[in-house]
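Below is one structure, written out as structure tokens; comments come after it.
Residue numbers (this note's numbering): 4 to 421.
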């Protein structure tokens with residue numbers, strides 16, 4: 004069993020996620036390739052500076068613009084939005100997703116006023132979509148709920164949500180972040196609009212459960228897999244059998260990491276990357292098309308796979324909590340703070356805000372880690388990273404007043420050219 008260092012693990016996660024050693028995707032096609040590489044892109048509506056999903060793609064795709072994600076998903080139909088954990092997935096996976104959709108339909112809703120919507124409500128929604136084409140929640144009058152519902156204020160809103168989770172309707176497009184639904188057969192390309200075999204689908208999600216985090220503690224496999232297929236009743240014995248199938252056919256491999264007593268899992272195709280990195284080599288297929296993270300910092304999205312939900316502490320020893328939903332008096336750093344990736348480490352954080360009336364990117368706060376570099380190479384890399392980020396959101400100037408280090412602020416002013 005392969006044993007790797009913590010540095011190898013860190014570089015492996017960054018590299019497999021397409022963030023290290025630099026951007027290796029470009030144009031709208033590259034956005035789709037990046038999505039397939041990272042397996043899922045979590046979506047969020049907040050736009051303090053840019054949406055989390057766009058910041059994630061900026062870190063992977065050269066000259067990225069937010070409209071590129073829209074074009075790839077809603078115009079070219081190369082991806083679809085789905086799930087309570089709202090994320091975007093490659094469209095080519097859709098036949099497998101019919102399994103969790105079917106399992107959800109059998110189980111029904113948990114926290115709404117009805118487990119399954121009334122049949123006449125379902126007929127009404129589907130008939131309206133069939134006759135009118137794409138419709139949003141506001142296009143339905145519906146009946147208001149007497150009690151509060153997390154998924155909507157009226158029965159048609161929750162009915163649409165139910166039909167979406169069961170795969171009867173899909174998100175056709177968005178205006179801003181508002182969803183517009185249509186019948187599945189009018190959204191999903193015909194070549195993907197079929198139901199995959201149950202066993203093949205269960206295997207697909209077993210692999211995806213490991214591929215999404217890129218590496219997983221073996222003891223977590225049962226829990227993650229059963230919820231990925233929307234079957235909470237799946238037993239540990241079933242999961243053990245499925246995992247053994249993947250191990251026996253060498254689809255999945257075990258490895259260990261220094262300092263950890265756990266056995267870890269990854270797709271066997273990743274072992275060659277672990278071996279290269281452990282030997283001090285950067286895998287050839289990871290070659291950057293532009294600047295590397297040694298030359299230019301990358302601002303990481305708040306919902307970035309490598310750093311969100313406590314992973315920053317585990318992987319980088321970097322304390323990061325997205326404080327956007329915390330009351331102001333409980334925030335340690337700021338409303339929309341982003342980690343800063345330099346080389347193969349998280350070395351700083353900044354709190355950005357975009358003023359769209361003046362097209363100004365304001366840096367409200369900036370904090371270096373205790374062991375972060377402060378030399379001119381880092382300052383140059385930070386200037387390049389801020390410049391690219393500003394261009395992504397179409398900012399015309401950057402207000403650096405939140406950077407209290409006078410020498411660094413002066414250096415950035417001399418280097419940033421928009």
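Using N, Cα and C, we set each Cβ at its ideal position, and we do this for glycine too.
Can you list, in chain order, the residues of its chain with a C-beta nearer than 7 angstroms to that of residue 349? Leave out the 5 residues immediately preceding and following it. Here residue 349 corresponds to residue number 346 of the chain shown, with the count starting at 1. So the list reads 310, 315, 319, 321, 342, 343, once near-sequence residues are dropped.
Skipping 5 residues on each side, what residues in its chain have a beta carbon closer than 6 angstroms to that of residue 234? As a first step, residue 234 is located in the chain shown; it is residue number 231 there, counting from the start. Once the five neighbours on either side are set aside, the close Cβ partners of residue 234 are 106.
Return helix, strand or coil for residue 176, following the three-state DSSP convention. Along the chain shown, read from residue 1 onward, the residue named residue 176 stands at position 173. Here residue 176 sits in strand by DSSP.
Here's the rule I'm using: 16 or more other beta-carbon atoms within 10 Å means buried, otherwise exposed. How should residue 301 be labelled? Taking the first residue of the chain shown as position 1, residue 301 is located at position 298. Under this definition residue 301 is a buried residue.
Helix, strand or coil: how does DSSP classify residue 169 here? Taking the first residue of the chain shown as position 1, residue 169 is located at position 166. The answer is coil: DSSP assigns residue 169 none of H, G, I, E or B.
Are there 16 or more other CB atoms within 10 angstroms of the CB of residue 273, so buried, or fewer, so exposed? Locating residue 273 in the chain shown gives position 270, counting from the first residue. Per the 10 Å Cβ criterion, buried.
For the structure I just gave you, are there three or more beta carbon pairs, one from the region 77-84 and one from the region 407-416, closer than 8 angstroms? no
C-alpha gap between residue 285 and residue 388, whole angstroms: Here residue 285 corresponds to residue number 282 of the chain shown, with the count starting at 1. Here residue 388 corresponds to residue number 385 of the chain shown, with the count starting at 1. Cα to Cα, residue 285 sits roughly 22 angstroms from residue 388.
Quick one: any contact between the region 116-136 and the region 227-245, if contact means 3 or more CB pairs under 8 angstroms? no
Tell me the rounded alpha-carbon separation between residue 8 and residue 282. As a working mapping, residue 8 is identified with position 5 in the chain shown. As a working mapping, residue 282 is identified with position 279 in the chain shown. Between the alpha carbons of residue 8 and residue 282 lies a distance of about 11 angstroms.
Along the chain, where does the beta strand (DSSP E) that runs through residue 400 open and close? The residue labelled residue 400 in the question sits at position 397 within the chain shown. From DSSP, the beta strand (DSSP E) with residue 400 extends over 400-402.
Mind checking which residues open and close the beta strand (DSSP E) that includes residue 357? On the chain shown, residue 357 is found 354 positions in, with the first residue counted as 1. Residue 357 -> beta strand (DSSP E) spans 348-358.
Assess, as a yes-or-no matter, whether the region 286-301 is touched by the region 320-334 under the definition of 3 or more beta carbon pairs within less than 8 angstroms. no
Checking the sheet assignment: what are the DSSP bridge partners for residue 184? As a working mapping, residue 184 is identified with position 181 in the chain shown. Residue pairing of residue 184 in beta bridges, as defined by DSSP: 138, 174.
Identify whether residue 52 lies in helix, strand or coil by the three-state DSSP scheme. Your numbering for residue 52 matches position 49 in the chain shown. Coil at residue 52, not helix or strand.
With a 10 Å radius around its C-beta and 16 neighbouring C-beta atoms as the bar for buried, classify residue 145 as buried or exposed. Position 142 of the chain shown, counted from the first residue, corresponds to residue 145. Its Cβ being crowded by 16 or more others within 10 Å, residue 145 is buried.
Can you find the residues in the same chain that come closer than 8 angstroms, C-beta to C-beta, to residue 278, ignoring five residues on each side of it along the sequence? In the chain shown, counting from the first residue as 1, residue 278 sits at position 275. The beta carbon of residue 278 is closer than 8 angstroms to those of 5 in its chain, skipping five residues each way along the sequence.
Residues in the same chain with beta-carbon distance under 8 angstroms from residue 187, minus the five sequence neighbours each way, listed in chain order, please. Counted from its first residue, the chain shown places residue 187 at position 184. Here the set comprises 170, 171, 172, 173, 196.
Report the residue from 214, 252, 219 whose alpha carbon sits nearest the alpha carbon of residue 263. As a position in the chain shown, residue 263 is number 260, starting the count at 1. Nearest of 214, 252, 219 to residue 263, Cα basis: 219.
Flag this pair as yes or no: are the beta carbons of residue 92 and residue 43 separated by less than 8 angstroms? As a position in the chain shown, residue 92 is number 89, starting the count at 1. As a position in the chain shown, residue 43 is number 40, starting the count at 1. Contact flag set, yes.
Do residue 418 and residue 383 come within 8 angstroms of each other at the CB atom, strictly closer than that value? In the chain shown, the residue the question calls residue 383 occupies position 380. In the chain shown, the residue the question calls residue 418 occupies position 415. Cβ distance < 8 angstroms, so residue 383 and residue 418 count as in contact.
Using 8 angstroms as the threshold, is the region 9-28 in touch with the region 50-64, meaning 3 or more CB pairs across them? yes
Alpha carbon to alpha carbon, how far is residue 207 from residue 99? Here residue 207 refers to the residue found at position 204 of the chain shown. Here residue 99 refers to the residue found at position 96 of the chain shown. Approximately 7 angstroms between the Cα atoms of the pair.
Terminal residues of the beta strand (DSSP E) in which residue 259 lies: In the chain shown, residue 259 corresponds to position 256, counting from 1. Run containing residue 259: 255-260, per the beta strand (DSSP E) assignment.
Determine the DSSP secondary structure at residue 20, reduced to helix, strand or coil. Position 17 of the chain shown, counted from the first residue, corresponds to residue 20. Three-state DSSP puts residue 20 in coil, outside helix and strand.
Where does residue 302 fall in DSSP's three states? One-based indexing of the chain shown puts residue 302 at position 299. Three-state DSSP puts residue 302 in a strand.
CB-CB under 7 angstroms to residue 11, same chain, minus the five flanking residues each way: which ones, in chain order? Within the chain shown, numbered from 1, the residue matching residue 11 stands at position 8. Cβ within range, chain order: 277, 280, 281.
Do you know whose CA, among 326, 293, 294, 181, lies nearest residue 306's CA? As a position in the chain shown, residue 306 is number 303, starting the count at 1. Closest option to residue 306, Cα to Cα, is 326.
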